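Enquirer: Numbering (the working numbering), first residue to last: 1430 to 1623. Ideal Cβ placement from N, Cα and C applies to all residues, glycine included. Nothing here was measured: the structure is a model prediction, and the numbers come from that model. Sharing a structure below in structure tokens format, with a few things to ask.
Quick look at the structure:
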């Protein structure tokens, strides 16, 4: 059964300026894990909008701890996902054909387009760090193709780093990656300085 774990102190506004209260809900799942999601309550009428599962953690306290690190940009993206669930539902988006075949020039162009889409995802979310699942949810490409693009951006381009923290898979833009994506990065945000 789902339970309220936290109400955030600071409300969030959508692009039109509508204000929402934000709640963290969690539920226990089989195999001793907990799932967490965000619920946004429109202040003018109390209507609620929920995201899908945002995190899976070992217990309720870990879900609360995960939520303590959420940024304004994350809340903006989560509100957008809650208000527009079908736009972020991968099944509702037509997916281009996978990157396969022997034509290496065409494959390279296609991989380059996916890499640009990955960097645009950071820009759209105004973030230098994203949950890998958030990226997958917002991309219209096959997950295998996105993984190939992430590997290329990490190993060949040096534009991002991948890490697992507290059981979550994260993507971090490097200084070069932030410049390439057009995202501002304060010195203390740079993953290389951690």
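1) Below 8 Å between beta carbons: does that hold for residue 1499 and residue 1478?
2) What whole-angstrom Cβ distance do residue 1555 and residue 1502 have, given they're in contact under 8 Å?
3) What are the start and end residues of each continuous alpha helix (DSSP H) run of 4 or more residues lying completely inside the region 1527-1581, in chain order?
4) With DSSP run on the structure shown, which of helix, strand or coil describes residue 1465?
5) Since residue 1478 is in the beta strand (DSSP E), which residue starts that stretch and which ends it?
6) Quick one: what does DSSP say residue 1445 is sitting in, helix, strand or coil?
7) Output yes or no for whether 8 Å exceeds the beta carbon distance between residue 1447 and residue 1471.
8) What's the gap between the Cα of residue 1443 and the Cα of residue 1568?
9) Compare the Cα-Cα distances from residue 1570 to each of 1592, 1544, 1583, 1587 and report the closest residue.
10) According to DSSP, is residue 1601 part of a helix, a strand, or is it coil?
11) Under a three-way DSSP split, which group does residue 1608 fall into?
12) How would you label residue 1577, buried or exposed, when you count the other beta carbons within 10 angstroms and need 16 or more for buried?
Expert: Judging by the given coordinates:
1) No; because the gap between Cβ atoms is not below 8 Å, this pair is not in contact.
2) Rounded, the Cβ-Cβ distance is 5 Å, consistent with contact.
3) 1533-1553, 1561-1567, 1572-1580
4) strand
5) 1477-1479
6) coil
7) yes
8) 22 Å
9) Sorting 1592, 1544, 1583, 1587 by C-alpha distance to the C-alpha of residue 1570 places 1544 at the top.
10) strand
11) Looking at residue 1608 - three-state DSSP - the assignment turns out to be helix.
12) buried
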